[in-house]
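Trainee: Read in order, the letters of the sequence shown correspond to residues 35 to 227 in my numbering. All C-beta atoms, glycine included, are put in the ideal place defined by N, C-alpha and C. All of these numbers come straight from a predicted model, not from anything done at the bench.
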Amino acid sequence: MLLLNAYSRFAMRRLALFALIFLSLVSAVFFLLQNRIAQQNERALLRQFQEIYPAAESSLLKTQQTLDLAHQRVILYTLRDAHHHDIAYFIQATTAKGYNGEITLLIGIDPNHQLLGVRTVAHRETAGLGDKIDRRISPWIESFRGKSRQNTRFSLKKDGGDFDAFTGATITPRAVVNLVDSVLNDWETRNEP
Numbered sequence: 035m036l037l038l039n040a041y042s043r044f045a046m047r048r049l050a051l052f053a054l055i056f057l058s059l060v061s062a063v064f065f066l067l068q069n070r071i072a073q074q075n076e077r078a079l080l081r082q083f084q085e086i087y088p089a090a091e092s093s094l095l096k097t098q099q100t101l102d103l104a105h106q107r108v109i110l111y112t113l114r115d116a117h118h119h120d121i122a123y124f125i126q127a128t129t130a131k132g133y134n135g136e137i138t139l140l141i142g143i144d145p146n147h148q149l150l151g152v153r154t155v156a157h158r159e160t161a162g163l164g165d166k167i168d169r170r171i172s173p174w175i176e177s178f179r180g181k182s183r184q185n186t187r188f189s190l191k192k193d194g195g196d197f198d199a200f201t202g203a204t205i206t207p208r209a210v211v212n213l214v215d216s217v218l219n220d221w222e223t224r225n226e227p
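#1: Between the beta-carbon of Ile-167 and the beta-carbon of Val-210, is there less than 9 Å?
#2: Just to confirm, are His-105 and Ser-216 a CB contact at a threshold of 9 Å?
#3: Classify Ile-207: buried if its beta carbon has 16 or more other beta carbons within 10 angstroms, exposed otherwise.
#4: Would the stretch 182-192 and the stretch 152-164 be scored as touching if the rule is three or more Cβ pairs under 8 Å?
#5: Any idea what DSSP makes of Arg-153, helix, strand or coil?
#6: On the DSSP bridge assignment, give the partners of Gln-126 in chain order.
#7: With a 10 Å radius around its C-beta and 16 neighbouring C-beta atoms as the bar for buried, classify Phe-65 as buried or exposed.
#8: Does DSSP put Ala-45 in a helix, a strand or coil?
#9: Secondary structure at Thr-100, three-state DSSP: helix, strand or coil?
#10: Return the CA-CA distance between Gly-31 and Arg-169, expressed in angstroms with no decimal places.
#11: Between the alpha carbons of Gln-73 and Arg-114, how many angstroms are there, rounded?
#12: Would you call the CB atoms of Leu-139 and Arg-179 closer than 9 Å?
#13: Have a look at Phe-124 and Ser-92 and give me their C-alpha separation to the nearest angstrom.
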């Protein structure tokens, strides 16, 4: 019995040592890759800015600020010209009303409250159905370009609006259209003259 207790303590010490070494390695890899991951995320976001507004530059990332709109907290990026006049706003907003959870969008708006474009930053929608909100899968997201609340009914056609749904997937496009409408409405209300 004494021998069994000694062996158990020895095994527990080895297990603890192994766990400590493993945890140290995982932590080291995380810290080594943390900057690279952040840089990759910034490059991906810049590509999305440029898909919406081709003249967007990396300095746009430095304008990031958190903003409370009427119905949500968003991240705002402001593009300015050489004379420091605002020429485009990029709002990153999230809805939890996707079919499989959260959908994060990047919404480009000009100073006249017209949409420059919309891009999907993150989603977990079903492949082949809801993932059509991703520009790499379908051009559907391009249907927002040039729209404003003055010339567009921001709802799905089956709900009396101007936007198509996907065959077999209504929840996802409805969530996207509603999020864009909500952000645009809140942005216009916040920036009324």
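Mentor: So, from the listed chains and residues:
#1: yes
#2: yes
#3: It is worth fixing the name first, because residue 207 is Pro in this sequence and not Ile. Result: buried.
#4: no
#5: strand
#6: Ile-109, Leu-140
#7: exposed
#8: helix
#9: strand
#10: No information on residue 31 is available, as it lies outside the stretch 35 to 227 that the chain covers here.
#11: 23 Å
#12: no
#13: 13 Å
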